[in-house]
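Chains as they are written, first to last, in the working numbering: chain S, 85 to 296; chain D, 120 to 334. Note that beta-carbon positions come from the ideal geometry of N, C-alpha and C, so glycine has one too.
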């Protein structure tokens, strides 16, 4: 097989990296193969792939890899960002009426977080791990946490307001702690709960934070 | 093998860290101390050069004692577990104590660990992201915590059905796990009493279920 990769053919994803973001409307096939190879390595738990690994996986020469990316860090940061872009549909929260009963809003949030983790969990874990030494990823992770906090605040505005302004910061923190990525990782992977068990635990933790 | 057996097997490992490497020479220890000193400064992924400088040992000496950087960082995490048994082990209360007292003692145990070793734990978790051996040590400690929680709250958990007890145990551990503390105390900047109050409330809620059963 030629330069354009086992990855591109093998993974059956034909929605190119190209389309995620207008800024990068024109990338050639090699570039796309390199990014997808990176995603594959992430998904296999290899969060610190070497350039050599990426080259081999994508079927692109090492020289070509570095024609597209200044260095490995830039490549990985681009791969993570584009993965988030790619998962945009997953990231979109299905709206639930804000005057719906609190249980219904909790269920909606739990369903959303579970879907998110199911689809992006592996790469999220990798991004969090890498962010410890890769400043380019710190912003990506921070932004994703900020987005989660914001959603909680909108969704549970009534409950947060009812607990009073002086408890606001604490409630927001507790809510974030209840539904953050690490909790899911822990429930699913350390405790081995199945998805229903995880959902039950998340519901309880969120209700605890909201004191409902 | 079910999740429970796996956890119990890993829990056994916690004990085995002790005494495995009783004899280290001074340089080796200096290198490891240098490593920890960097962790304490928030440098969670130090280079060999940084470790050499901090420990006052030449780069060559560093690699005389450790095959590579991975081996060095792994040894640093192991050394921490071995030398801090007293901090890491929970002095379990008997189950006839009131629930509130058992909860309080566990919250205080975890807070002490995080207060004294938060940076080290963060470093170990980060290393665990790339080094399965270190990840194993972190997971073994988590499994130890789960094991202690099961024993400490045995009467309450035994009153639940199996699925309910599994969720309750997970909720108990989630309430006091490192990531909860890190998020509340470090990221959101809550003071220790407020953080402790949330941990207590989380444990209380897990036991009074309230964790609705999986449908």
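- Leaving aside the five residues that flank residue 224 of chain D on each side, the residues in its chain whose CB is nearer than 7 Å to its CB run, in chain order, 212.
- If you draw a 10 Å sphere on the C-beta of residue 210 of chain S, you find 16 or more other C-beta atoms in it, and that means buried.
- The region 145-191 of chain S contains, as complete alpha helix (DSSP H) runs of 4+ residues, the segments 146-152, 156-170 and 172-175 (chain order).
- Annotation for residue 227 of chain S: the continuous alpha helix (DSSP H) segment containing it runs 219-239.
- At the C-beta level, residue 277 of chain S and residue 289 of chain D come within 8 Å of one another.
- Annotation: the continuous alpha helix (DSSP H) that includes residue 228 of chain D extends over 218-247.
- Close to chain D, meaning a Cβ-Cβ distance shorter than 8 Å, are the following residues of the region 254-266 of chain S: 254, 256, 257, 258, 260, 261, 264 and 266.
- Proximity to residue 189 of chain S across S:241, S:125 and S:156 peaks at S:241, based on C-alpha coordinates.
- If you compare the alpha carbons of D:243, D:152 and D:187 with that of residue 172 of chain D, the shortest gap goes to D:152.
- Assignment of residue 266 of chain D by DSSP, reduced to helix, strand and coil, places it in the helix class.
- Contact annotation: in the region 199-229 of chain D, no residue has its CB less than 8 Å from a CB in chain S.
- In this structure, residue 236 of chain D keeps its C-beta atom at 8 Å or more from the C-beta atom of residue 257 of chain D.
- Under the 8 Å criterion on CB atoms, residue 325 of chain D is classed as interfacial with respect to chain S.
- Under the DSSP assignment, residue 150 of chain D falls in the alpha helix (DSSP H) whose first and last residues are 145-159.
- For residue 199 of chain D, the enclosing alpha helix (DSSP H) starts and ends at 188-202.
- Closer than 8 Å to the CB of residue 217 of chain S there is at least one CB belonging to chain D.
- Near chain D, meaning a CB-to-CB distance below 9 Å, no residue of the region 141-159 of chain S qualifies.
- Rounded to the nearest angstrom, the Cβ distance from residue 184 of chain S to residue 156 of chain S is 47 Å, too far for a contact under 8 Å.
- For residue 216 of chain S, the three-state secondary structure derived from DSSP is coil.
- The beta carbon of residue 296 of chain D sits closer than 6 Å to no other beta carbon from its chain once the five residues preceding and following it are set aside.
- Ranked by Cα distance from residue 253 of chain D, the options D:308, D:240 and D:167 are led by D:240.
- Comparing C-alpha distances from residue 116 of chain S to each of S:130, S:250, S:195 and S:141 shows the shortest one belongs to S:141.
- With a threshold of 8 Å between beta carbons, residue 208 of chain S makes no contact with chain D.
- Taking a beta-carbon distance threshold of 8 Å, residue 155 of chain D does not count as an interface residue toward chain S.
- A straight line joining the alpha-carbon of residue 226 of chain D with that of residue 317 of chain D spans about 10 Å.
- Within the same chain, 244 and 256 come within 7 Å of residue 237 of chain S by CB-CB distance, once the 5 residues on both sides are set aside.
- In the three-state reduction of the DSSP assignment, residue 201 of chain S falls in the helix class.
- By the C-beta density criterion, residue 305 of chain D is exposed, having fewer than 16 other C-beta atoms within 10 angstroms.
- Rounded to whole angstroms, residue 186 of chain S and residue 307 of chain D show a C-alpha spacing of 24 Å.
- With respect to chain S, the C-beta atom of residue 163 of chain D has a partner C-beta closer than 8 Å.
- The DSSP-derived three-state label of residue 177 of chain D is coil.
- The beta carbons of residue 271 of chain S and residue 294 of chain S sit no closer together than 8 Å.
- Taking all protein chains shown into account, residue 302 of chain D has 16 or more neighbouring C-beta atoms within 10 Å of its C-beta and is therefore buried.
- Around residue 185 of chain D, the same chain offers 191 as residues with beta carbons nearer than 6 Å, after the five sequence neighbours per side are excluded.
- Pairing residue 218 of chain S with residue 275 of chain S, the inter-Cα distance amounts to about 30 Å.
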